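Colleague: Pasting a structure below so you can have a look.
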Amino acid sequence: MSYLTKNHATPDKLTIGGEIAIVGDGKITKDGVAVNLGGSAQLADGSVTAAKLANGAVTVAKLDSSLTSTLNGKLTATKAAAVPDTAATDAAGVLAELRDLKTKLRAAGILA
């Protein structure tokens with residue numbers, strides 16, 4: 001069936017091809033219950049996931065102020081013991097200093 005107008009009705013369906021403007025206290029009901037079409041609805045806990053966030057939506061300014069203390073020690077490594085500048089003059093000296101460096105990095109937990 002073809003229609004010449006944007007808006008038309010059949011016994012079981014009303015088709016609106018334009019805009020419906022509900023103003024003031026107007027509402028839509030289904031079986032006597034108001035239909036919520038969105039707007040300022042509350043977000044359920046856990047309903048916002050990282051996949052739903054736009055790039056750059058979460059900035060450092062929006063994060064909890066305790067973030068630094070929460071992450072402190074989790075994203076950093078322990079400082080390794082100081083290693084002096086090389087004084088090696090041959091391959092054997094470089095090898096000895098490299099072994100010393102690896103030992104200090106392992107002791108700090110930086111190197112397995």
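The sequence shown begins at 1 in UniProt numbering and counts up by one. Beta carbons: idealized from backbone N, C-alpha and C, even for Gly. Remember, it's a predicted structure, so these values are computed and weren't measured experimentally.
1. Hey, V94 and A88: beta-carbon distance below 8 Å or not?
2. Among all the DSSP beta bridges, which residues are the ones paired with T10?
3. Note down, one range per segment and in chain order, each alpha helix (DSSP H) of at least 4 residues found wholly within the region 18–91.
4. Give me, in chain order, the residues of the same chain whose beta-carbon lies closer than 8 Å to that of L111; leave out the 5 immediate sequence neighbours on both sides.
5. Does the Cβ-Cβ distance between A80 and A44 come in under 8 Å?
6. Alpha carbon to alpha carbon, what distance is there between I20 and V58?
Modeller: Reading off the structure:
1. Locating residue 94 in the sequence shown gives position 94, where the first residue counts as 1. Locating residue 88 in the sequence shown gives position 88, where the first residue counts as 1. Yes.
2. As a working mapping, residue 10 is identified with position 10 in the sequence shown. Beta-bridge pairing links T10 to K13.
3. 67–71
4. Here the question's residue 111 lines up with position 111 in the sequence shown. Hits under 8 Å: K102 and L105.
5. What you label residue 80 is simply residue 80 of the sequence shown in a count that begins at 1. What you label residue 44 is simply residue 44 of the sequence shown in a count that begins at 1. No.
6. Position 58 of the sequence shown, counted from the first residue, corresponds to residue 58. Position 20 of the sequence shown, counted from the first residue, corresponds to residue 20. Taking the straight line from one Cα to the other gives about 36 Å.
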